[in-house]
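Going by the working numbering, the first residue of the sequence shown is number 7, and it counts up by one from there.
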Amino acid sequence: MYAPERQQAILGHARSVGRVDVNMLAERYDVTPETIRRDLNELERQGLLRRVHGGAIPVERLGLELPVAQRAGRNAELKERIAKAALDHLPDGGSVIIDAGTTTVRFAEVLPADRQFTVVTHALPIAAMLAERPNITLLLVGGQVRQGTLAAVGNWAQTGYRGVLADVAFAGINAISTARGLTTPDLAEAAVKHALIASARRTVVLADHTKVGQDEFAHVADLSEVDTLITDSEVDADMAQEIQDAGVEVVRA
7 MYAPERQQAI
17 LGHARSVGRV
27 DVNMLAERYD
37 VTPETIRRDL
47 NELERQGLLR
57 RVHGGAIPVE
67 RLGLELPVAQ
77 RAGRNAELKE
87 RIAKAALDHL
97 PDGGSVIIDA
107 GTTTVRFAEV
117 LPADRQFTVV
127 THALPIAAML
137 AERPNITLLL
147 VGGQVRQGTL
157 AAVGNWAQTG
167 YRGVLADVAF
177 AGINAISTAR
187 GLTTPDLAEA
197 AVKHALIASA
207 RRTVVLADHT
217 KVGQDEFAHV
227 ADLSEVDTLI
237 TDSEVDADMA
247 QEIQDAGVEV
257 VRA
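Below is the structure:
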């Protein structure tokens, strides 16, 4: 087994059981503990695992929010597919809300140039990207900017969203499950996400398979407030079916 293959297997096992141990992995893959430590260091460098004494824990289990630049490269190919699939849910012109997040950034990058849109966002990277697009009328919602996500939060941001009604909200999320709906690690982010979902006629959630079936600290919205989930083909089939049975259209990109 080559190192990249072993590292993907280690990551999958960590996400399945919640934690991995160096000695157990060395025995499992018939390599030295030093080799496993190098694998875990590489996975931590990619922002996928967090090293702890004697092993590692997947970042999803820690409720950690990595900086935008560090998260952008994770599952990049899957995010690309999700973003392109989301284009099918654009209104014919009209207005859209684009939430903060690395998948929603990719969605903003692939917005078509031959149609007119009004875009509302509280995400600085998305606003900077779209500000000079001649086919887009951009409305930037303000507030206190969180360093981890480069998104505006607080009462100003919530009030800004309450003043609009968009055709579609494209929401990013840290976790989605039938038990708790949409959740995210930060209460301030959760409040703004809730406000933008309430300010659109339809809500389309963009989330790769690592977010599906997970729960985070702060509640954003129930599944009843979501129309469509666009994820990738690696999503757990049972989890996807549970979400679909709850009334959400699930699209596998």
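For every residue, glycine included, the Cβ atom is placed at its ideal position computed from N, Cα and C.
As the structure is a prediction and not an experimental result, all values here were calculated from the model.
The residue from K90, A163 and G166 with its alpha-carbon nearest to that of P118 is K90.
In this structure, the straight-line span from the alpha carbon of A204 to that of E231 is close to 8 Å. The Cβ-Cβ distance between A158 and G149 falls below 9 Å.
In this structure the region 11-23 lies against the region 38-48, because at least three pairs of beta carbons, one per stretch, are closer than 8 Å. Boundaries of the alpha helix (DSSP H) harbouring T108: T108 to E115, taken from the DSSP string. Counting along the chain, D173 sits inside no alpha helix (DSSP H); it lies in the beta strand (DSSP E) bounded by residues A172 to G178.
A residue is called buried once 16 or more other Cβ atoms fall within 10 Å of its Cβ, and R112 is buried on that count.
In the structure shown, the three-state DSSP call for R207 is strand.
When C-beta atoms of the region 193-203 are compared with those of the region 163-178, three or more pairs fall below 8 Å, so the two segments count as touching.
Only residues of its own chain outside the window of five on either side were considered, and among them G178 have a CB closer than 6 Å to the CB of G107, listed in chain order.
Here the alpha carbon of A172 sits roughly 26 Å from the alpha carbon of V218. Under the three-state reduction of DSSP, L96 is assigned to coil, being neither helix nor strand. DSSP, reduced to helix, strand and coil, places T237 within a strand of the structure shown.
In the structure shown, the three-state DSSP call for P64 is strand. Within its own chain, the residues whose Cβ lies closer than 8 Å to the Cβ of Y167, once the five positions on either side in sequence are excluded, are I103, V126, H128, V147, V198, A201, L202, A204 and S205, listed in chain order. In the displayed model, T41 falls within a helix according to three-state DSSP. Exclusion of the five residues before and after R207 leaves L171, A172, D173 and V174 as the residues of its chain whose Cβ lies within less than 8 Å of its Cβ. When the beta-carbon positions are compared, T237 and A259 come within less than 9 Å of each other.
Nearest to G253 by C-alpha distance, out of D228, S239 and A194, is D228.
DSSP places R258 outside any alpha helix (DSSP H); the residue lies instead in the beta strand (DSSP E), whose first and last residues are E255 to R258.
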